Amino acid sequence: MKLTTIISAFYLLCLLCIQPVHADGGFWLPTQIQGKVHQAMKKQGLRLSEKDIYDINQSCLSNAILSLSYDNSTFSPSASASFISGEGLVLTNFHCVARYLEHISDANHDYVKHGCWATQRSEETYLPNLQVNQLITIKDVTTEITQDTGNLTDQALTQKINENGNKIVKSQAKGRGVEGKIYSLFGGRQYILAVFRSFKDVRIVAAPPISIGKFGGDTDNWQWPRYSADFAILRVYANDKNQPAAYNKQNRPYQPDAHLSISTKGVKPDDFVMVAGYPAQTRQYVPSFALEKIVFKDTQAEADIAKIKLDFYTQRKETAADSLYSYYNIKAGSAANVYLKSIGEISGVKESGIIARKQQEEQAMTEWILSDDTRTQRYGATLLDDMKANYQRLTQLNFTDQMFREVALYGANVIPFAGKFEKLVQMEQRKSKNVKTAMKGEIRKLKPLTVAFYRDFRPEDDKYIMKKMLAYYLDHVDSIFYSTALKKVEKHYPQHLSAYIDSLYDHSPLRNQESMLALLDSVPTQGTAALSQDGLYQLSLGFYLVYVEKINRLKQAYQNKNMKLYSLYLQAYAEKNKGTQIAFDANRTLRYSTGKVKAAVPSEGVIYTPFTTVDGMLSRHRLYAGNKDFNLPARFVKLIEHRQPSNYFSQKVTPTCCFLTDAHTTSGSSGSPVLNAKGEVVGINFDRIWQGLSSDYETAGNEKSRNIAVDIRYVLWTLEQYSHSQYILNELDIH
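So in our numbering, the last spot in the sequence shown is 737, and the numbers never skip.
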C-alpha cells in the first residue's frame with residue numbers, strides 16, 4: 003500500500019464548510035447518509051437504504067462510483083465516472099478524456115475529430131497516463147487518529163496525528179494496487195480513511211466526435227440550452243487474478259464487485275435525482291473578508307489570465323490546419339472553461355449579496371461569543387477581528403502564490419519542463435564518488451521525458467504565453483518576489499520584452515528536442531554549464547527558488563496562525579449550532595448531492611425549461627451554419643431528420659438531449675452519474691449554468707444554481723443509431 007502523508011488539520015480547514023441538515027443543500031460523505039440525512043433524502047424521494055449506498059462489509063453503490071486522474075495521482079482526481087457493467091465498462095464525459103484521445107491521435111486517426119468507436123474488444127485502445135480509481139473502503143477513524151494526543155499542541159500534535167495516521171494506513175493494506183489516505187474534516191473534529199484500488203490499463207471503447215460530444219463548443223460553455231452528447235465509455239483491464247496491472251495485451255476486462263444499472267424511463271420535472279462523484283473544492287464557509295479577496299482579487303486575476311489564453315488559442319484554432327484544429331480546440335476549451343467559471347463566480351457574488359449575509363452571520367457569532375463569559379474565554383473577544391487582521395497580511399502572499407502557479411505551472415510549458423533538469427544540475431555539485439553513475443542514470447530518465455515533451459511543444463505559442471504571463475506578473479506582483487533572472491527581464495519591460503524573450507528562446511538549448519538531447523549526451527564529458535548558465539533555464543528555475551525561499555516560507559507563518567484562528571471559529575460555529583448535521587466542503591472525496599429535475603429563472607424575464615431535444619440541436623446547427631462549434635456530421639443530421647425505430651425512444655417521442663437539476667455540483671463533478679430514486683443511471687453530469695456558480699461559496703443553497711446532465715437515453719440512442727460500437731449495449735444492465 004502506498005502511504006500518503008497526513009496534512010495537519012489546520013492546513014485543511016480552508017477547504018471545509020458546515021451547514022444544517024438539508025439533504026438537497028450539501029455534499030455528503032457516503033458514511034453520513036444515515037439517520038437524519040438519509041431520512042431527509044427519503045422525504046425527497048430516495049428509495050435506497052443506507053446500506054445500499056454504503057456498506058463496509060459488502061459491495062454497494064459507492065464501490066461503483068469512480069474517479070479519474072492522471073497517472074499516479076490517485077488523490078488528485080480531475081473527474082468522476084462509474085462502472086456500468088460487470089466487464090469493467092466505465093461511463094464518463096467526453097470532455098474528461100479528450101486530452102487523452104488527442105494524445106493517441108495521429109495523422110491517420112484523429113479520435114477527437116472523428117470519434118472513437120471500437121467494434122470489438124480487440125479494437126479497444128489503451129490510453130496512456132489515464133488512471134481509474136475505485137473506492138474500496140471509507141470509514142471514520144477519529145478515535146484512532148486522536149489517540150494519545152492529550153494536550154499536545156502545534157508541531158507535537160501534528161506529528162502525533164501523522165504517526166497515528168501512518169499506522170492506520172499501513173494496517174489497511176489489502177493487496178497490490180491499494181492506496182490509502184487520511185482526510186481531516188471540520189478542523190480535526192473528524193477524520194476519515196479512504197482506501198482506493200487504482201487501475202492503469204484503461205482503454206477507450208466509445209467516444210463521439212467532438213462535433214457531437216462538445217456540440218456548441220466554447221460558445222455554449224456554462225450556458226443553457228445545451229445539446230452535447232458529452233459521454234465516453236472506457237474499459238478497465240486487469241491481470242488474470244482480476245488485480246490492477248500495467249498495460250498488457252494479455253490483460254482481461256476487470257470484473258468489479260459493483261456496477262450501476264441504467265434506466266430508460268427518463269426523468270420529468272420534480273423527479274428526485276442524486277449525483278455521485280468526486281467534487282474538488284468548495285469554500286462555502288469562508289469568512290466575508292476572505293471571500294472578498296478570493297473573488298475580487300484572486301478570481302479576477304484567474305479570469306484575466308484565462309482570457310489571455312482563450313483569445314490566443316481561439317485565434318490559433320480559427321487559422322489552424324485541420325491536423326491542429328483539435329489540439330487548439332481543446333486548449334481554447336480549457337481556457338474558456340476557466341474564464342467563464344471565474345466571471346460567473348465574480349458576477350454571482352456581486353449580485354447575490356453573499357458578502358453582506360456573511361457579515362451579518364459573523365456579527366451574530368461575535369455577539370453570541372460575547373454574551374457568555376465561558377465562551378469569551380474559550381474563543382476570545384476579538385476572534386473575527388484577529389482573523390481579519392491576520393488575513394490581510396496573508397492576502398498578498400496568497401495572491402503571489404497564485405501568480406507563481408499561473409506563470410510557472412500553468413503558463414509557458416518550458417518553465418515546468420526546465421525544472422525537471424534541476425536535479426541533474428545539482429548532482430554535479432556533489433562530491434560523491436558515485437556522482438557520475440548517478441548522473442548517467444538521471445540522464446537515462448530525462449531522455450524519454452524530453453522526447454515526450456517536444457512531441458507537442460510549439461515554441462512560437464510558448465513564447466507568446468511566456469511574454470503575456472511575465473507581463474502580468476511584473477504588473478501585479480511586488481518586486482520582492484522577483485528572481486535575479488526576472489529582474490533582468492524587468493529592465494527590458496515593457497518596450498523590449500518581446501525581443502528579449504525571443505532571444506532567450508532562440509539561444510537556449512531548451513529551444514528544441516535536438517539541442518536538448520545533444521546537451522544530455524554531452525553532460526558526462528562537458529558537465530551541465532550549458533544549461534545551468536542558460537538565460538531561459540535561469541528564468542524558469544528562478545520562479546521555483548523564489549517560491550521556496552520567499553513565498554512559501556512567509557506564507558507558512560501567517561497561514562499557521564490563520565488556520566488556528568479559523569479552527570476556533572469553526573468550533574464556535576459547531577457549538578452555536580449544536581444538534582445540526584454537518585456537511586463538509588468538497589475536498590476530492592466521494593460525495594453525494596441530491597435535488598430535483600427543475601427549471602431555472604437565471605434573471606428577470608428569463609426562464610430555462612429543464613429539457614432540450616435533438617430538434618433544438620438541429621435548429622441550432624442550422625442557425626449557426628458556418629460556425630465550427632455547431633457543425634454536425636451529415637449522417638448524424640440525417641438520423642435526426644429521419645428518425646428510425648429505437649429501443650430507447652419511440653418514433654412518437656423526440657429524443658431528449660440534456661436536462662437541468664438543482665443538485666449541487668462543482669469542479670471534479672464532471673462525469674458523475676446522475677441517478678434516480680432507485681440508484682439507476684438517468685444521466686451524466688457535465689456542466690453548470692454560469693448564473694449559479696456562486697453556490698460554491700454559499701451554505702444555504704442558491705436558487706439560480708443548476709447542473710446540466712446529458713440524458714442517458716441520448717447516449718444509448720447515439721450508440722445504437724450512430725456509432726459502430728453497438729456490441730457494448732449487450733453488456734449493459736438496461737431497464
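Glycine residues also receive a C-beta, built at the ideal position from the N, C-alpha and C atoms. On a predicted model such as this, the values are computed, not experimentally measured, just so you know.
- At a Cβ-Cβ threshold of 7 Å, Tyr495 and Leu476 count as neighbours.
- Restricted to the stretch 316 to 404, the alpha helix (DSSP H) segments that are unbroken, complete and at least 4 residues in length are 324 to 354, 356 to 372 and 375 to 381, listed in chain order.
- Bounds of the beta strand (DSSP E) holding Glu181 are Val180 to Leu187.
- Asp232 is bridged by DSSP to nothing; it lacks a bridge partner.
- Excluding five sequence positions before and after Asn704, the CB atoms of its chain that fall closer than 8 Å to its own CB belong to Gly350, Ser354, Gly694, Ser696 and Ser697, given in chain order.
- Apart from sequence neighbours up to five positions away, the residues of its chain that approach Phe291 with a beta-carbon distance below 7 Å are Lys390 and Tyr393, ordered along the chain.
- Under the Cβ criterion (8 Å, minimum of three pairs), the stretch 680 to 695 counts as touching the stretch 256 to 274.
- At least 7 Å separates the beta-carbon of Phe298 from that of Val717.
- If you draw a straight line from the Cα of Thr527 to the Cα of Lys442, it comes to about 11 Å.
- As summarised for the stretch 579 to 640, the continuous beta strand (DSSP E) elements at least 3 residues long and confined to that stretch are 593 to 598, 602 to 605, 608 to 610 and 613 to 615, given in chain order.
- If you check the CB distance, Ser51 and Ala66 do not come in under 7 Å.
- Per DSSP, reduced to three states, the secondary structure at Leu734 is coil, with no helix or strand assignment.
- Asn153 and Glu146 have their C-alpha atoms roughly 16 Å apart.
- With contacts defined by Cβ atoms closer than 7 Å, Thr596 and Met367 do not form a contacting pair.
- Beyond the five residues adjoining it in sequence on each side, Thr615 comes within less than 8 Å, by CB distance, of Thr656, Pro657, Thr658 and Cys659 in the same chain, given in chain order.
- Rounded to the nearest whole angstrom, the CA to CA distance from Lys360 to Arg715 is 42 Å.
- A Cβ-Cβ distance of about 22 Å is found for the pair Lys243 and Asp73, leaving them out of contact under the 8 Å criterion.
- For Cys659, there is no enclosing alpha helix (DSSP H); the enclosing beta strand (DSSP E) has its first and last residue at Thr658 to Thr663.
- If you look at Asp713, you'll find it in the beta strand (DSSP E) that goes Asn709 to Asp713.
- Note that the stretch 588 to 604 touches the stretch 278 to 294; at least 3 beta-carbon pairs, one per stretch, sit closer than 8 Å.
- Following the DSSP letters along the chain, one finds Ala42 in no beta strand (DSSP E) but inside the alpha helix (DSSP H) bounded by residues Gly37 to Gln46.
- Linking Ile503 to Gly413 through their CA atoms gives a straight-line distance of about 14 Å.
- Proximity to Leu187 across Lys352, Arg460 and Ala576 peaks at Ala576, based on C-alpha coordinates.
- Ser80 and Ser71 have their alpha carbons spaced roughly 5 Å apart.
- Under the three-state reduction of DSSP output, Val204 falls in the strand class.
- If you look at Ser82, you'll find it in the beta strand (DSSP E) that goes Ala81 to Phe85.
- Between the alpha carbons of Thr127 and Pro210 lies a gap of roughly 15 Å.
- Under a 10 Å Cβ-count criterion, Arg624 is classified as exposed, with fewer than 16 other Cβ atoms of the shown protein chains found around its own Cβ.
- Trp30 has Tyr594 as its beta-bridge partners, per DSSP.
- The Cβ neighbour count for Val197, taken over all protein chains shown within 10 Å, is at least 16; the residue is labelled buried.
- It is roughly 54 Å from the alpha-carbon of Asp480 to the alpha-carbon of Asn241.
- In the three-state reduction of the DSSP assignment, Ala248 falls in the coil class.
- Scanning the stretch 68 to 135 for uninterrupted alpha helix (DSSP H) segments of 4 residues or longer gives 96 to 106 and 113 to 116, listed from N- to C-terminal end.
- When beta bridges are read from the DSSP output, Thr139 appears opposite Val197.
- In the displayed model, Ile503 falls within a helix according to three-state DSSP.
- Per the coordinates, the alpha-carbon of Lys563 lies some 44 Å from the alpha-carbon of His105.
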